[in-house]
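Working notes, structure below.
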Amino acid sequence: MHDDRSANRMWGGRFAGGPDAIMEAINASIGFDRRLAAEDIAGSRAHAAMLGATGIISDSDSRAIREGLLTVLSEIERGDFAFSTALEDIHMNVEARLAALIGPVAGRLHTARSRNDQVATDFRLWVRGQCDAVDGALVALMRAFLAQAEAGADMVMPGFTHLQVAQPVTWGHHMLAYVEMLARDRGRFRDARARMNESPLGAAALAGTSFPIDREMTARELGFDRPMANSIDAVSDRDFALEFLSAAAICATHLSRFAEELVIWSSAQFRFVRLSDRFSTGSSIMPQKRNPDAAELVRAKTGRIAGALVALLTVMKGLPLAYSKDMQEDKEPVFDAADTLMLALAAMEGMVRDLRPDPAALRQAAAAGFSTATDLADWLVRALGLPFREAHHVTGALVRLAEEKGCDLADLSLEEMRSVHPGIQPQVYDVLGVDNSVASRASYGGTAPDQVRRQIARWKEALG
Ligand code: ARG
């Protein structure tokens with residue numbers, strides 16, 4: 000069975016032919032880089048227009064190429080295009096089809112260009128488009144959090160540290176924490192977009208070209224701010240994709256934290272929130288269950304996105320300049336991370352929009368666990384002039400007393416309090432309530448409903 004051209008005995012079973020079929024399988028990128036078709040054709044059309052304008056090719060050839068490319072684009076958009084693995088990648092697939100449509104003139108398109116600057120251009124355009132798409136999704140999610148914040152600006156809930164009840168906060172304040180995080184995510188995508196918006200086109204293979212090209216023209220045509228200034232850099236760096244993935248990984252990490260909170264809060268032990276039916280599932284065996292699957296999946300998909308960042312960092316690490324075929328491995332992680340992030344953002348927006356907090360459960364939990372102990376200590380400082388360390392100690396003794404009696408701090412009698420510190424006045428009870436506690440935290444950025452409303456107003460203005 001095995002002649003010289005047949006597949007390797009050890010691992011070639013699934014290949015029909017010899018090493019050339021295996022080479023094709025490992026070499027081809029058309030299976031995934033077909034997603035760059037629109038960008039590839041936009042880049043080629045800009046290049047062809049420039050070749051015509053500079054007289055490098057004739058006007059009529061330039062026009063024929065650009066019109067032919069539009070036909071190719073519409074075929075691809077209609078799903079009426081036969082992608083060929085033998086033609087390796089999107090660049091050669093498009094060019095081969097162009098040749099079939101307009102004849103040998105198509106061969107003039109690749110003057111003063113290489114697939115190296117071509118793919119760098121395509122990919123930059125694609126990632127730039129994703130930055131814009133993610134920005135829109137982030138704004139939508141911020142608006143959903145903002146609506147929650149507004150509805151619960153003074154809804155008291157427990158604030159946690161170490162997942163232990165720490166101090167009462169408001170629902171609005173907690174929601175706005177995510178608005179802040181997502182706003183920084185927007186900033187990261189915006190910064191990355193601004194930095195990546197330079198054109199590699201015209202760098203050719205790595206050294207530039209001997210033809211009198213006009214890189215300003217193609218840059219302008221493709222919406223880039225300027226041509227990249229170093230042709231070696233232009234074809235060899237993928238830092239723009241890494242920045243996109245870093246921003247995506249950080250953003251997904253933010254989403255995963257709220258996803259985790261939803262999982263905890265919707266559990267029977269907490270009952271802080273109810274997720275809508277739209278974003279919950281039942282169990283096939285346990286009829287009582289409402290599982291927060293969408294939240295769990297948002298939490299889990301963060302792993303994929305962070306993984307994509309690590310994958311591309313690892314591909315790029317130690318690569319000598321300029322282009323190496325290793326860099327073909329840049330696309331799949333970025334495509335997958337972008338798709339996954341967009342899905343996670345949409346799922347999270349839906350969950351946040353539908354989310355119903357339970358004010359009674361939140362209030363009850365906020366009052367439990369001696370959450371106003373800090374308020375008591377602060378009162379001892381303010382009213383009795385105790386040093387904070389001593390006030391902390393006195394409060395600790397009062398918490399111990401309440402714990403022994405199995406009651407809350409507010410349930411201790413004045414006598415019991417005075418047994419710990421004789422100076423305590425009846426006004427102490429004012430600070431032990433959760434509403435007073437949150438209202439008192441009126442420092443800038445604090446949880447007091449007045450502060451929260453001020454921040455809500457600021458965000459409403461900012462988001463329009
Ligand atoms: N498919 C290739 C990639 O994605 C295009 C560039 C090929 N360049 C080359 N010199 N073989 O990187």
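Going by numbering that gives the first Met the number 0, the first residue of the sequence shown is number 0, and it counts up by one from there.
For each residue, glycine too, the CB sits at the ideal point set by N, CA and C.
Counting every other CB atom within 10 Å of its CB across the protein chains shown gives T120 a total of 16 or more, marking it as buried. When L137, S83, F82, D60 are compared, the shortest CA-CA separation from G106 is found for D60. It is roughly 8 Å from the alpha-carbon of L379 to the alpha-carbon of I423. Sixteen is the threshold: when 16 or more other Cβ atoms of the shown chains lie within 10 Å of the Cβ of C130, as they do, the residue is buried. At least one heavy atom of the ligand ARG lies less than 7 Å from the C-beta of H90. If you look at M326, you'll find it isn't in any beta strand (DSSP E); DSSP assigns it neither H nor E. When DSSP reads this structure, G158 sits in a beta bridge with Q166. Take the alpha-carbon of A321 and the one of I231: they are about 6 Å apart. Taken atom to atom, the span from the alpha-carbon of E74 to that of G317 is near 40 Å. Across the set D88, I304, D374, G201, the C-alpha of D88 shows the shortest separation from the C-alpha of I25.
When the five nearest sequence neighbours on each side are left out, the beta carbons in the same chain lying within less than 7 Å of the beta carbon of E23 are those of T84, A85, in order along the chain. In this model, T160 and D116 are separated by some 51 Å (Cα to Cα). In the three-state scheme derived from DSSP, where H, G and I count as helix and E and B as strand, S198 is classed as strand. With distances taken between CA atoms, A139 lies nearest to L344 out of H392, G368, P356, L344. Annotation note: the segment 105-160 contains the following uninterrupted beta strand (DSSP E) runs of length 3 or greater, listed N- to C-terminal: 155-160. Excluding residues up to 5 positions away in sequence, D116, A119, P199, A202, M227 lie with their Cβ nearer than 7 Å to the Cβ of A233 in the same chain. The closest heavy atom of the ligand ARG lies less than 7 Å from the beta carbon of S28. Assignment of P356 by DSSP, reduced to helix, strand and coil, places it in the strand class. Close CB contacts of W125 within its chain, under the 6 Å cut and outside five residues either way in sequence, are with L35, E38 (chain order). Three or more pairs of CB atoms, one per stretch, sit closer than 8 Å, so the segment 285-298 contacts the segment 244-261. Boundaries of the alpha helix (DSSP H) harbouring H391: 387-404, taken from the DSSP string.
Taken through DSSP and simplified to helix, strand or coil, R185 comes out as helix. P226 sits in a strand when the DSSP states are folded into three classes. The three-state reading of DSSP puts T217 in helix, counting H, G and I together.
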